[in-house]
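Visitor: The UniProt record's numbering puts the first residue of the sequence shown at 1, with every later residue one more than the last. Once you've had a glance at the structure underneath, I'll fire off some questions.
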Amino acid sequence: MSVPEDPALVATEFLESIQGDFKILASLDPELRERLLKAAGLVSKPDRLSRRNLSRERRRLKKIERRESERALLNQAGIRQLRENPIFQTPRRRALAGQDIQLQLGHAQDGAPEREELPPPIGEAASDRHCYTCQQPYRKIHFFYDQLCPECGDFNYAKREPVFDLTGRVALVTGARVKIGYQAAIMLLRQGAHVIVVTRFPRDAASRYAREEDFAEWGHRLEVHGIDLRHIPNVEALCAHLLETHDRLDFLINNACQTVRRPPGFYGHLMDTELDASRQLGSKEKQILRLDTGLAIVDHGPGLPAAALSQVPLVAGDDDHSEALFPKNAFDADLQQVDLRDVNSWRLKMAEVPTVELLEVHLVNAVAPFIMNARLKPLMMAPGTRDAHIVNVSAMEGQFYRTFKTDRHPHTNMAKASLNMMTRTSAMDYVEDGIHMNSVDTGWVTDEDPARQAAMKREMHGFHPPLDIVDGAARIVDPIFDGLQTGKHVWGQLLKDYRPTDW
């Protein structure tokens, strides 16, 4: 099949042939010759309007070229390369030099472990970009981060694998089945801690941990409990159970949160495993699965699996399990169900938020952390080391200081603000007993918009969150590691990008 010739090339070659032999014009039809000469004259000497339109179009095309060139450069960054993988893999351990370093980021910062020399920037942008963390302009593109300047990029990359011997320490992480909580638990386990994981879906969580390639190194220090934090009697019962079965708790990370409420259909694919007691677990899963039933009713008969409450329809639309919304066997990079709803909690205004969702958000984000912080305080005081930590995982949505807020998701903003107020109020009390309480923003790691909108933003605007779930996890464990490394235990702060920020 012949390829059609470029008309611009044909016209150019014809004019060039005339330039070499003007006799060609004589052979043309007089009317055609007149049209040709007139068009050639107008093209060679356009009027003012035509020149303006030409300049505008050149600028537009140049802008597109620069944008595509920059997008191609940014796509080479490590964080974007990772996003190309269909399944997010827990990072392997990097080689460690075994000592701490200070990276200059406006001023010396402690707690970043030294590693092999990091690669240089991968290229330079055509115009200034502004760093997500320090807000300063930069052009050199970091080898891993596409939205951080090289200095901030190196500092954040070093923080992705925190190092300190946590042998003998006990940590509790809520919401640690997937994403940030999961990665935080892995970081603590790899440094020697005994980790208690709390999740609604304990069997699925156990399977995920058991699949890690270094599970044999830390699996014996992991226990998974099935608890729905929306059911407060179970939260109280879990605390009572831990007080009876453990003699210490060094670190409590209240990571579980409900930002986008998912209906029962979102979790439907998990039910066969979670609710069918006849399904046999592998030996690894059995090793770490402690409780997968609601503790509050264990003493009065068979326990209700924690996952069962996720299937109770509570608001309009909860009974829709259609594959049009939740396609079968369609999972995202975190192996979570793909959600094709056009509207989710992140887009709701005040009058659109169901009462049930308002209550759920506060139960998970503020009430459950309050109860756990209160009831487990004796267990955190027990070791007498005076270096215990409570991390209340927050977000910038709960910050009053921000001068710009959208009118969306007011209920999640309220819940995070409530969590922050607990930190501000009680941190001064807890520090007297050697417990350092802080709120920590995870950073922007996820686009919470509905799947179609998020995909459109990526395609049309090249939008990507500046951080990933490992960065989020590194931020919430940093008060622990930084405090132990430096001996300076921060408390009573809202931490963003490893630094105190305004409330």
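Ideal placement from N, C-alpha and C gives every residue a C-beta, glycine not left out.
(1) Could you name the residues of the same chain whose beta carbon sits closer than 6 Å to that of Q76, not counting the 5 residues immediately before and after it, in chain order?
(2) Would DSSP call E34 helix, strand or coil?
(3) Are at least three pairs of beta-carbons, each pair with one atom in the segment 272-288 and one in the segment 162-173, less than 8 Å apart?
(4) For H300, name the three-state secondary structure that DSSP assigns.
(5) Report the residue ranges of all beta strand (DSSP E) runs contained in full by the segment 211-298; include only those spanning at least 3 residues, in chain order.
(6) How should A176 be labelled, buried or exposed, when 16 other C-beta atoms within 10 angstroms of its C-beta is the threshold for buried?
(7) So, are the CB atoms of N420 and S394 less than 8 Å apart?
(8) Check N438 in the structure and name its three-state DSSP category.
(9) Name, in chain order, the residues that DSSP records as bridge partners for L172.
(10) How far does the beta strand (DSSP E) with P410 in it reach, from first residue to last?
(11) Who are the near neighbours of G317 in its chain, counting only those whose CB is closer than 7 Å to its CB and skipping five residues on each side?
(12) Under a three-way DSSP split, which group does P500 fall into?
(13) Would you grab the beta carbon distance between G181 and V173 for me? Rounded to a whole angstrom, and I think it's under 8 Å.
(14) With DSSP collapsed to three states, give me the class of R59.
(15) Can you name the residues that DSSP bridges to H389?
(16) How about D471 and V445: do their beta carbons lie closer than 8 Å?
(17) Closest to D407 by CA distance: which of A368, M381 and M350 is it?
(18) Can you name the residues that DSSP bridges to S394?
(19) Cβ of L28 within 8 Å of Cβ of L36?
(20) Quick check on P113: buried or exposed, where buried means 16 or more other Cβ atoms within 10 Å of its Cβ?
(21) Which two residues bound the contiguous alpha helix (DSSP H) that contains H362?
(22) Here's the rule: buried if 16 or more other CB atoms are within 10 angstroms of the residue's CB, otherwise exposed. What is P479?
(23) When you compare each of R67, R208, A185 and L82 to D128 by their alpha carbons, which one comes out closest?
(24) Three-state secondary structure (DSSP) at residue 507?
(25) Going by DSSP, name the residue or residues bridged to I141.
(26) With residue 521 as the anchor, note down where its alpha helix (DSSP H) starts and where it stops.
(27) DSSP on Q311, reduced to helix/strand/coil?
(28) Three-state secondary structure (DSSP) at D204?
(29) Less than 8 Å separating the beta-carbons of I476 and I186?
(30) Inspect the beta-carbon positions of V198 and I232 and report whether they are closer than 8 Å.
(31) Report yes if the CB atom of E236 is closer than 8 Å to the CB atom of R375, and no otherwise.
(32) Here's a check: name, in chain order, each residue in its chain whose Cβ is nearer than 6 Å to the Cβ of S439, leaving out the five neighbours to either side.
(33) Cβ atoms of F370 and K284: under 8 Å apart, would you say?
(34) Once DSSP output is grouped into helix, strand and coil, what is the label at Q337?
(35) Give every residue of the same chain whose Cβ lies closer than 6 Å to the Cβ of Y498, excluding the five residues on either side of it in the sequence, and list them in chain order.
Guide: Concretely, from the data shown:
(1) By one-based count along the sequence shown, residue 76 stands at place 76. Correct list, in chain order: I122.
(2) One-based indexing of the sequence shown puts residue 34 at position 34. E34 carries a helical assignment under DSSP once its states are collapsed to helix, strand and coil.
(3) Judged by pairs of C-beta atoms under 8 Å, the segment 272-288 does not touch the segment 162-173, as fewer than three such pairs exist.
(4) On the sequence shown, residue 300 is found 300 positions in, with the first residue counted as 1. Residue placement at H300 is poorly supported in this model, since its pLDDT is 34, which falls under 50; the coordinates still yield a value, given next. H300: helix per DSSP, three-state reduction.
(5) Runs of the beta strand (DSSP E) lying entirely within the segment 211-298, each at least 3 residues long, are 222-226, 251-254 and 289-291 in chain order.
(6) The count along the sequence shown starts at 1 and reaches residue 176 at position 176. A176 should be labelled buried.
(7) Your numbering for residue 420 matches position 420 in the sequence shown. Your numbering for residue 394 matches position 394 in the sequence shown. Cβ distance < 8 Å, so N420 and S394 count as in contact.
(8) To locate residue 438, count along the sequence shown from 1; it is residue 438. Strand at N438.
(9) Here residue 172 refers to the residue found at position 172 of the sequence shown. I196 and L252.
(10) Here residue 410 corresponds to residue number 410 of the sequence shown, with the count starting at 1. Looking at the DSSP string, P410 is not in any beta strand (DSSP E); the run it does join, the alpha helix (DSSP H), is P410 to Y430.
(11) Here residue 317 is taken as the residue at index 317 of the sequence shown, counted from 1. If we look at G317 and ignore the five residues flanking it on each side, its Cβ neighbours are P263.
(12) The residue given as residue 500 occupies position 500 in the sequence shown. Reduced to three states, the DSSP call for P500 is strand.
(13) Here residue 181 refers to the residue found at position 181 when the sequence shown is read from its first residue. Here residue 173 refers to the residue found at position 173 when the sequence shown is read from its first residue. Indeed, because the Cβ distance is near 5 Å, the residues count as touching under 8 Å.
(14) Against the sequence shown, residue 59 aligns to sequence position 59. Note: R59 maps to helix in three-state DSSP.
(15) The residue labelled residue 389 in the question sits at position 389 within the sequence shown. For H389, which the question treats as bridged, DSSP gives the partners F251 and H436.
(16) Numbered from 1 along the sequence shown, position 471 holds the residue referred to as residue 471. Numbered from 1 along the sequence shown, position 445 holds the residue referred to as residue 445. Yes. Within cutoff.
(17) Residue numbering aside, residue 407 sits at position 407 when the sequence shown is read from its first letter. Nearest of A368, M381 and M350 to D407, Cα basis: M350.
(18) Taking the first residue of the sequence shown as 1, we reach residue 394 at position 394. S394 pairs with D441.
(19) Position 28 of the sequence shown, counted from the start, is the residue given in the question as residue 28. Position 36 of the sequence shown, counted from the start, is the residue given in the question as residue 36. In this structure, L28 sits near L36, with a CB-CB distance shorter than 8 Å.
(20) In the sequence shown, residue 113 corresponds to position 113, counting from 1. Confidence at P113 is low in this model, with a pLDDT of 48, below 50, so the placement of that residue should be treated as unreliable; the coordinate-derived value is given next. Residue environment analysis places P113 among the buried positions, since at least 16 neighbouring C-beta atoms fall within 10 angstroms of its C-beta.
(21) One-based indexing of the sequence shown puts residue 362 at position 362. Start and end: T355 to H362.
(22) By 1-based counting over the sequence shown, the position of residue 479 is 479. P479 comes out buried.
(23) As a working mapping, residue 128 is identified with position 128 in the sequence shown. Nearest of R67, R208, A185 and L82 to D128, Cα basis: R67.
(24) The structure shown does not extend to residue 507, since the chain spans only 1 to 503, so no value can be given for it.
(25) The residue you call residue 141 lines up with position 141 of the sequence shown. G123, per the DSSP bridge assignment.
(26) Only positions 1 to 503 of the chain appear in the structure, and residue 521 is not among them; the question remains open.
(27) What you label residue 311 is simply residue 311 of the sequence shown in a count that begins at 1. Q311: helix per DSSP, three-state reduction.
(28) Against the sequence shown, residue 204 aligns to sequence position 204. Here D204 sits in helix by DSSP.
(29) For this step, residue 476 is matched to residue 476 along the sequence shown. For this step, residue 186 is matched to residue 186 along the sequence shown. Contact: no.
(30) For this step, residue 198 is matched to residue 198 along the sequence shown. For this step, residue 232 is matched to residue 232 along the sequence shown. No.
(31) Position 236 of the sequence shown, counted from the first residue, corresponds to residue 236. Position 375 of the sequence shown, counted from the first residue, corresponds to residue 375. A contact, by the Cβ cut-off of 8 Å.
(32) Within the sequence shown, numbered from 1, the residue matching residue 439 stands at position 439. Cβ within range, chain order: N392, S394, N420, T423 and L494.
(33) As a first step, residue 284 is located in the sequence shown; it is residue number 284 there, counting from the start. As a first step, residue 370 is located in the sequence shown; it is residue number 370 there, counting from the start. In this structure, F370 does not lie closer than 8 Å to K284 by Cβ.
(34) Position 337 of the sequence shown, counting from 1, holds the residue named residue 337. Residue state, collapsed to three classes: strand.
(35) Working through the sequence shown from its first residue, we reach residue 498 at position 498. These residues qualify, in order along the chain: D478.
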